[in-house]
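Taking it in order: structure first as structure tokens, then the write-up.
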Amino acid sequence: MRQGTTRAFVGALLLISAAPSLAQTAAGSRTRAHVEFLASDQLEGREAGSSGERLAADYLATQLTRMGARPLPGRTDMFLPFEFTAGSRDGGSRLTIAGRTFTARTEVQALSFSDDADVTGPAVFAGYGLVVPESQNVAYDSYATLDVTDKIVVVLRYFPEDADEKTRAILARYSDLRYKAMAARQRGARALLVVTGPRSPNAGQVVPMTFDTALAGSGIPAASVSGAVADALFASGKPLRDAQQELDSGNPHMAGFALSGVTITLRTSVVRERHTARNVVAYLPATAPVSAASKPWIVVGAHYDHLGRGDRGNSLASKEEAGGIHYGADDNASGTAAVLAIAGTLAESPQPRRRHLLVAFWSAEEIGLIGSNAFATKPPVPADQIAAYFNFDMVGRMQNNRLVVQATGTSPAWARLLERVNVAAGFDLVTQADPYQPTDVTNFHAAGIASLAFFTGSHSDYHKPSDTATKINYEDLDRVVAMAATLVRAVGNGDEPPVFTKVDQPATRGTIAGVRVTTGTIPDYATEVKGLLLAGVVAGGPADQAGLTKGDVIVEIADKTIANIYDYTYALELLRANQPVRVVYTRNGERRDTELTPIARQ
Ligand SMILES: [Zn+2]
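Numbering that gives the first Met the number 0 numbers the first residue of the sequence shown as 0 and each following residue consecutively.
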């Protein structure tokens, strides 16, 4: 790292080490040099487990050492490694029908959530393999008249192609392959084979093995097969194309059928790629006597990983930008720099601190909050000794003086404390009680720790290569640092730790915390309007498909009124992938509505 650093950066670094206050004046910012280094070409987007991530971790440890932070008690360095699944690939799946064996990945490929198994059984075709719960008022059950116990179920990918829009919208929700696998498993099937029908997009192609962080399988062997394999399966009866055509009307009474005489032998094998990433954790010891009874630790944290070149499936890059370095300046070099600067501020402060300040940088946040989860589920400092956790994720793009503080529902102490420290800071605070946010704070709430998460809002560069250091609003980022340092100091020296309150997950939300969806909208931040003004839409994305375009103003989504970007961001978190919602918008002053189906970000 050190050899490769640019001259400008070495200069900034020397100034910081020589005299931090001077560096602040010279560079104009306490955070800028950190962001510029973390979001530089050299770090290649800091993907968890990559060499860029390791360089970033080394840098953070160096900075922590410089400010006088130490490894946690009982440890010799600041790195807390953990393992994670970075993706999956097929480990040699194969399939035999009537003496013919298919082994090529273009013919048979495990689904990424498949169990590893060797199974043999009679084949049965179950149409689209869809089961819609009764509550949806659409009677559709591919298994209604079919016994699939101990059989190998063959289903079509997607959902009926020609059904009316309303039916499609409902069926689409239940067409996720994981859901189909679960439905087959619950009906006693031995395995699931998926074929992309001749009348569907990607006809005859196997399903790509998507990025999937699942550590284990879904309880059933599942694979996708090619059109050639499907031809072999359907050789003696009704051709697949005819069967699909009948199903495609959406008629729920079109039953599946046994593929008579066809016995399948299937082996599935998934290799889940395990990688190691590192959290970087150190602490500044208390500077006044610690009272053991009052939770002697506080934690400030930010994730420092990002998307690398965006090839793990969570990039929002356009076709032209695809494969480029995702610099992650706002997400989350900004929060990382903020935490360094807050810790640095407290390290220099002559004011007493009765609690140890644990300074943490998480990795693998972008692929499922994995680093902070590893920490929170096996904390090196007992969770009941931690008085509070402060999270910083995307704090570098403040607009109009607005600072979002989330998870305020985790303690009744937060409202007054925030109000007090904001007198000097003067932000327009937007508080959200909900700790179920798509960032590391959710893991600390789950561990029973009073928490806060700071955020300056999303923007059109989110998860794209264009999230660069030049776009950071350093002046306001430094103001966030100053305000947060005051808050952290107050809690660090306070008599009583903030009382923890568990926040129930809102009933309207999906069951998986932190699910991220995208609607493919590009908000216009520069113009003040009531609602969400679109600067554009992502070509081919959900908003584009819903007919939205530049200049439209979204005023309602999924029955939530939208007055500003914050309302919108919050509403997005309540949406579920592949679940269509009604969007009300104005175009040239005229009120219109449409249906939009968000898609999963990953
Ligand atoms: Zn992110």
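For every residue, glycine included, the Cβ atom is placed at its ideal position computed from N, Cα and C.
- One alpha carbon belongs to Arg590, the other to Thr560, and they sit about 14 angstroms apart.
- Excluding its 5 nearest sequence neighbours in each direction, Gly236 has C-beta neighbours in its own chain below 8 angstroms: Phe256, Leu258, Ser259, listed in chain order.
- Ranked by Cα distance from Tyr282, the first of Leu417, Ala32, Leu63 is Leu63.
- Here Val194 is near Val153, since their CB atoms are less than 8 angstroms apart.
- Here the region 162-179 makes no contact with the region 142-150; the two share fewer than three CB pairs at distances below 8 angstroms.
- Judged by DSSP secondary structure, Leu416 falls outside any beta strand (DSSP E) and instead within the alpha helix (DSSP H) spanning 413-424.
- Excluding sequence positions up to five before and after Phe443, its CB lies within less than 7 angstroms of the CB of Ala375, Tyr388, Ser450, all in the same chain and listed in chain order.
- Residue environment analysis places Arg266 among the buried positions, since at least 16 neighbouring C-beta atoms fall within 10 angstroms of its C-beta.
- When rounded, the separation of the alpha-carbon atoms in Pro379 and Gly73 is 10 angstroms.
- For Asp57, the enclosing alpha helix (DSSP H) begins and ends at 50-65.
- Exclusion of the five residues before and after Leu79 leaves Asn278, Val280 as the residues of its chain whose Cβ lies within less than 6 angstroms of its Cβ.
- Going by C-alpha positions, Gln398 is about 9 angstroms away from Asp475.
- Judged by DSSP secondary structure, His355 falls within the beta strand (DSSP E) whose first and last residues are 355-361.
- Of all C-beta pairs linking the region 412-420 to the region 461-479, fewer than three are shorter than 8 angstroms, placing the two stretches out of contact.
- When Cβ pairs closer than 8 angstroms are counted between the two stretches, the region 423-432 is seen not to touch the region 365-375, the count staying below three.
- By DSSP's assignment, Gln431 forms a beta bridge with Gln405.
- Distance from the CA of Leu571 to the CA of Leu155, rounded to the nearest whole angstrom, comes to 30 angstroms.
- For ligand 1, no non-hydrogen atom lies closer than 7 angstroms to the CB of His252.
- Bridge pairing for Glu82: Thr275 [DSSP].
- Checking the DSSP bridge columns, you'll see Leu155 partnered with Val194.
- Closer than 7 angstroms to some heavy atom of ligand 1: that does not describe the Cβ of Glu46.
- Between ligand 1 and the CB of Asp310, the shortest heavy atom gap is not smaller than 7 angstroms.
- A Cβ-Cβ distance of about 19 angstroms is found for the pair Leu532 and Ala557, leaving them out of contact under the 8 angstroms criterion.
- For Asn136, the number of other beta carbons within 10 angstroms of its own is below 16, and it is reported as exposed.
- Spanning the alpha carbons of Gly27 and His325 requires a straight line of approximately 26 angstroms.
- The shortest C-alpha to C-alpha distance from Pro541 to any of Gly530, Glu555, Ile521 is the one to Ile521.
- Of the candidates Ile553, Asn201, Asp466, Asp466 places its Cα closest to the Cα of Asp40.
- Per the Cβ contact rule, the region 285-299 is not in contact with the region 93-101 (fewer than 3 Cβ pairs under 8 angstroms).
- In this structure, Ala276 keeps its C-beta atom at 8 angstroms or more from the C-beta atom of Ala599.
- Fully enclosed alpha helix (DSSP H) runs of no fewer than 4 residues occupy 473-492 of the region 441-515, in order along the chain.
- If you draw a 10 Å sphere on the C-beta of Ala562, you find fewer than 16 other C-beta atoms in it, and that means exposed.
- According to DSSP, Ala281 shares a beta bridge with Val358.
- In this structure the region 308-317 does not lie against the region 239-253, because fewer than three pairs of beta carbons, one per stretch, are closer than 8 angstroms.
- Looking at the backbone, the Cα of Gly67 and that of Leu417 are separated by about 28 angstroms.
- The beta carbon of Glu160 sits no closer than 7 angstroms to any heavy atom of ligand 1.
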